[in-house]
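Below is one structure, written out as structure tokens; the observations come after it.
2 protein chains.
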Amino acid sequence: MKKIRIGLLGLGEIGSGVYSILTQKKDYFAKEIGVDCEFAKIAVRNRSKKRKVQVPSSLITTDSRSVVEDPSVDVVVELIGGTKEAYQLVTQALKSGKHVVTANKALLAEKGDEIFELAARMKKWVFFEASVGGGIPVVKTLREGLVANELTSLFAIINGTSNYILTKMTTEGTDFKDALKKAQEKGYAESDPTLDLNGMDAAHKLAILIRFGFRGKVKLDDIYCEGIQRISSEDIAFANEFGYRIKLLAIAKKTPGGIDARVQPTLLPKDHILANVNGSFNAVLMHGDRVGDILLYGRGAGSYPTASAVVSDIVDIAKRYKRLEEESVITMAASRRRLKIQGISSILARYYLRLHVIDRPGVLAKIFQVLGSHKISVSDCMQQERRNGSAVPLIILTHGVNERAIRKAVNALDRLPVVSGKTQVIRIEENGGE
Amino acid sequence: MKKIRIGLLGLGEIGSGVYSILTQKKDYFAKEIGVDCEFAKIAVRNRSKKRKVQVPSSLITTDSRSVVEDPSVDVVVELIGGTKEAYQLVTQALKSGKHVVTANKALLAEKGDEIFELAARMKKWVFFEASVGGGIPVVKTLREGLVANELTSLFAIINGTSNYILTKMTTEGTDFKDALKKAQEKGYAESDPTLDLNGMDAAHKLAILIRFGFRGKVKLDDIYCEGIQRISSEDIAFANEFGYRIKLLAIAKKTPGGIDARVQPTLLPKDHILANVNGSFNAVLMHGDRVGDILLYGRGAGSYPTASAVVSDIVDIAKRYKRLEEESVITMAASRRRLKIQGISSILARYYLRLHVIDRPGVLAKIFQVLGSHKISVSDCMQQERRNGSAVPLIILTHGVNERAIRKAVNALDRLPVVSGKTQVIRIEENGGE
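Top to bottom, those sequences are chains B and C.
By this note's numbering, the letter at position 282 of the first sequence is numbered 282, and the numbering carries on one by one without gaps.
By this note's numbering, the letter at position 132 of the second sequence is numbered 566, and the numbering carries on one by one without gaps.
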């Protein structure tokens, strides 16, 4: 039986989950899976901190370097987060001949090129199922289950905090601030939720999905990123009237101009399968050239769901341990080809526009004149009941138009004296999934 | 690079798909996956038959035995269907030291014990992703992605024909016969759809999911099986009034009395995620003790989706080829433990009852008396407007009650002179998924 020694970095939420699963289910893994895991060392920042799990103090160290360099360690499991120290430790682990399992999406999104190339040189594995979609086996599905396919598109709800907030705003009409407060009370949002709300967390995950789904290197900065902060309950209500829900989507589509890659609040038809993914759940909808649509849905965060993914990586390594050879290089390291990412300004989409207009005769004429002069044609339009002289919301849904044109038009609109405040702009996705 | 020689049995819908993927994408598999597949021999029943793909006639043979015994063949891919000849060929292939990939659910459901034990003895792999859920990587997810979990329940829509028919009946009010005709025109139903409509096809797939999801042997006959033939558009309309959709579900739940395993038409709340899986799509909702709910959704049938799964199995074998050892025995062969399946008569459920009652004074009293005398309590009840003397439908939803009691009660009801025809009985599932 393959015995494998684990060096664990970090004993927080996920680390505790990993420790408890591997210790509580030791027999099951040994008897039914044929894998025997044991912890060699566990590095923590603060010895005396209260833990969720009882760990023999002999295993605990505050010297993480001693863990990644311990000759008896086969696999280093990095769960400390952040990018600076984590990068040093992960690269040192690989140089010391260890395989690496990590849940660190920021690290892989920012330093993926360096890490995967080092792993390829060292013929070691870097596994990271837990870095995207928590307990959902989306990485394994991309790399193994769908190996016969080339992806043509990928639409993902991969930030639980944003999805929880948007769901609350949709089902209860809560405004953004209250929904965020609720999410923090429920533990779905961190005390500093910036990376969740500005879309960066989703962009990190999308960078990883693109690297392996579309097989090539991708620069994080090339991914256009917009968060949900500017979405109002008003927008959600208006979208609803037109038959749409608003979701924060991570999108990657193969186009003649390269990969169209973005994270953005998006209007989805109510009957779209992703429009019905609610609360803190995550979902990834992929379209493969042979398999068609595939959707994976589950818990995108939480101690045990994420630990479940980390453990599946550890078991995958243990099962193949000492039998890796070029497989590790070819299929586990990413392709060396650099993917061309299409600039946001050239994408084509339908748009939802919300303006506040002073209601005077001839106002609509002015506005449609501006749109027309930018070759933007309107598919739907709604104005609320008229209160003379005061600003009323005007909702416009456009036909397909490119981003550059819409931005020029919106600048022009915002300069009109009859338009008060800035125009709200949200993209619409109609397709992908039935 | 690992070169692997394939012996293909059958060149129908799926076989042609597999041939075209592996030949059209040969470069991609060689360069990006590091796997080089070639066809050694392809066995067909009828040489002269018109094929979807152009195959060099030198590869074609009508002697399938020569394929499974060809010393140059590494993997035998069985796509002929049926259980008799397929069993002989698959076992002969294993005895000749080949790995086996099959899409044959009937074969694995009926002969799984023998086949997996032989594979374990021969230290060879039997892969079968395509046997359940077409292109959806559900087997890989169960065995690898969710390896850290014990399943507590599994709810699956795994018969596309039934789901297409029920969807048509629900969305268009079509009756069963017309919906079936439409399914056959669309190619979603075979000319002889018996195994789809009576639930056996779903039961075959459920037997495979249970074997690997709950890790043990299971007898096909132990799985209670009911099809959709007796579902009327009337039932779908009434269910709708109570807020339910009717779906053909394959269900497996861990209970103190063993695994509760059944295939049955089921009332699901409209907001249940499986209630929104429509048309010919399949979906499997699993609950793991660590990961919680996981849903996989995609095309359950079709030449390319199914071929996509077959190819992923071939690649999995190719990547590990000559490096199998006990992994093949322990994690690829099923557990030798025999699972205890709970008898249907002892399951507890809520029930939908539809009776046609002659509308006379005191009729309801009689009916509720019968239910009461069997300790069955009613949660909802609906009777359509009264036409004196004629039979009118009476719909009753019960609270949780066990199957034995409901059957006794229904027998008693059907003997009442005021009840015309047989009482319709459909189980209700409230939980599983949010």
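Virtual Cβ for every residue (Gly too), placed ideally from N, Cα, C.
Ser492/C burial status per 10 Å Cβ neighbour count (16 or more: buried):
exposed
Please list the partners that Arg733/C has in chain B, where partner means a Cβ-to-Cβ separation under 9 Å.
Val291, Gly292, Asp293 and Ile294
Local conformation of Pro305/B per DSSP, three classes
helix
Does the beta carbon of Thr61/B sit closer than 9 Å to a beta carbon anywhere in chain C?
no
Hey, could you find the ends of the beta strand (DSSP E) His721/C is sitting in?
Phe715 to Gly722
Taking the CB atoms as reference points, tell me whether Val573/C and Leu528/C lie closer together than 9 Å.
no
Measuring alpha carbon to alpha carbon, tell me which residue in Ala641/C, Glu578/C, Asp609/C and Arg479/C is nearest Ala543/C.
Ala641/C
Tell me whether the beta-carbon of Ser667/C lies closer than 9 Å to the beta-carbon of Met720/C.
no
By the criterion of Cβ-Cβ separation under 9 Å, what are the contact partners of Asp316/B in chain C?
Glu578 and Val581
Leaving out five residues on either side along the sequence, give the residues of the same chain with a beta carbon under 7 Å from the beta carbon of Val53/B.
Ser16, Tyr19 and Ser20
Whose C-beta lies closer than 6 Å to the C-beta of Gly732/C among residues of the same chain, with five residues either side of it excluded?
Gly569 and Ile570
If you draw a straight line from the alpha carbon of Asp192/B to that of Ser811/C, how long is it in whole angstroms?
51 Å
Report the rounded CA-to-CA distance for Asp316/B versus Glu578/C, giving the unit in angstroms.
7 Å
Please indicate yes or no: does the CB of Phe127/B lie closer than 8 Å to some heavy atom of the ligand NAP?
Looking for the ligand NAP in the displayed structure turns up nothing, as the structure carries no ligands at all.
Span separating the alpha-carbon of Lys688/C from that of Leu708/C:
20 Å
Below 9 Å between beta carbons: does that hold for Ser373/B and Ala349/B?
no
DSSP three-state label for Met766/C, please.
Residue confidence for Met766/C is low, a pLDDT of 46 falling below 50, so the modelled location carries little weight and cannot support an answer.
Write down the C-beta distance between Ile228/B and Pro265/B rounded to the nearest angstrom, noting that I regard them as a contact closer than 8 Å.
5 Å
What's the C-alpha gap between Thr765/C and Phe550/C?
For Thr765/C, the predicted structure reports a pLDDT of 44, less than 50, and the residue's modelled location is therefore unreliable. A value from the coordinates is still provided. Distance between the alpha carbons of Thr765/C and Phe550/C: 11 Å.
Residue environment, Glu624/C, which counts as buried when at least 16 other CB atoms sit within 10 Å
exposed
Within 8 Å, do at least three Cβ pairs link the region 838-855 of chain C to the region 789-801 of chain C?
yes
Where Glu660/C falls, given that 16 or more other Cβ within 10 Å makes a residue buried:
buried
Run through DSSP, which three-state label would Ile436/B get?
Within the shown structure, residues of chain B are numbered from 1 to 434, placing residue 436/B beyond reach of any answer.
Between the region 578-593 of chain C and the region 677-688 of chain C, do at least 3 Cβ pairs fall closer than 8 Å?
yes
Alpha helix (DSSP H) containing Gly647/C: first to last residue?
Met634 to Gly647
I'd like the span of the beta strand (DSSP E) that includes Gln383/B, first residue to last.
Val378 to Gln383
Contact belief for Ile210/B with Val218/B at Cβ below 8 Å, rounded distance in angstroms:
5 Å
Within this structure, are the beta carbons of Ala673/C and Ile448/C separated by less than 9 Å?
no
Ends of the alpha helix (DSSP H) at Lys518/C?
Lys518 to Lys529
Using a Cβ-Cβ distance cut-off of 9 Å, determine whether Gly444/C contacts chain B.
no
Distance cutoff 9 Å, beta carbons only. Does Thr141/B sit that close to anything in chain C?
yes
May I have the straight-line CA-CA distance separating Lys545/C from Val804/C, to the nearest angstrom?
44 Å
Burial state of His399/B, where buried means 16 or more other Cβ atoms lie within 10 Å:
exposed
List the residues of chain C that Val75/B touches, going by C-beta distances under 9 Å, in chain order.
None at all; the shortest Cβ gap to chain C is about 15 Å.
Tell me whether Tyr622/C sits in a helix, a strand or coil according to DSSP, three-state version.
coil
Which of the three DSSP states, helix, strand or coil, is assigned to Asn149/B?
coil
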